[in-house]
Amino acid sequence: MGHYIENTGDEPAMFLEMFRSDHFADFSLSQWMALMPPQMVRDHLNLDRETIAALRKYKPMIVP
């Protein structure tokens, strides 16, 4: 499930998120937003069409 953290205070926030899992998994927020219906992303995040069109629908592979 996608979610976000927002610092509503005046001081810098530190956040540590830990999951108990037997494997590592990650996702690309940019890819997730690119694959969502564009109108929904615009309505919820108030982004313009150009910004949404620039999102990548694929996640670049990270290589050592």
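Take any residue in the sequence shown, count from 1 to its spot, add 14: that is its number in our numbering. Just so it is clear, CB atoms sit at the ideal spot from N, CA and C, and this is done for glycine as well.
- Taking C-alpha positions only, residue 59 is separated from residue 50 by approximately 12 Å.
- Secondary structure note for residue 43: its alpha helix (DSSP H) is the uninterrupted segment 43-49.
- Burial of residue 47 is indicated by the presence of at least 16 other C-beta atoms within 10 angstroms of its C-beta.
- Across the set 45, 53 and 34, the C-alpha of 45 shows the shortest separation from the C-alpha of residue 75.
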